[in-house]
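In the numbering used here, the protein residues as written are 9 to 155. Glycine included, every Cβ here is placed at the ideal spot set by N, Cα and C. Single-structure report; data block below.
Put into C-alpha cells, the structure is as follows:
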C-alpha cells in the first residue's frame, strides 16, 4: 500500500512538472515581440508593406523601422520609407503628392498572417492623429501591441 502511494505521488509530481513546462508555450504564443533585424520573419513583413509604398513613390524603397510588433498572427508596424542608402524620398516627385492631411510618409500598417503570407488589413500614411483610437478592429489587441 505504501509503495502504491509513493508511485502515485511520484506520478502526480511528474505530471505537475510536465504541465508547468508546457504552460510557457501558451504564454509565448500570446506574447508581443519584435522580430530581430535580418530574420526571415521581419523581412517577410517589410516585403509585404513595400508594394504599398512603392505604388505611391516608385521603387526602390527601404524602411527605417520605428516599431514592429507581432502578436499571434498580427503585426503592427510603424515605418519611415526612404531610398536605399538612407536617401530621403523626393516629396516633389511626380509620383508622390503630399495631401494637406498628411504629415510626410511616416506609415502605420496592420497586417494579418493568412494564406501563407502577411496581408495588409489597414494602413495610414502620414496620419496627423491617432487614427486607430476607437476603431473596433484595434480594440481587440492588447494596448502595448499598438502603443
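Per DSSP, which residues does residue i bridge with? Please list them.
i	result
residue 85	76 and 117
residue 176	Because residue 176 is not part of the residues shown, which for the chain are 9 to 155, the question remains open.
residue 90	70
residue 95	91
Cα-Cα, which of the options is closest to residue i?
i	options	result
residue 85	148, 118, 126 and 67	118
residue 69	79, 80, 55 and 81	55
residue 121	129, 134 and 39	129
residue 138	123, 62 and 116	116
residue 131	154, 125 and 123	154
residue 111	38, 125 and 134	134
residue 123	38, 81 and 59	81
residue 65	126, 91 and 148	91
Specify the secondary structure class of residue i as computed by DSSP and reduced to three states.
i	result
residue 71	strand
residue 133	strand
residue 40	strand
residue 56	helix
residue 61	helix
residue 152	helix
residue 125	strand
residue 50	helix
Applying the 10 Å Cβ sphere with the 16-neighbour rule, what's the burial state of residue i?
i	result
residue 77	buried
residue 89	buried
residue 145	exposed
residue 83	buried
residue 72	exposed
residue 95	exposed
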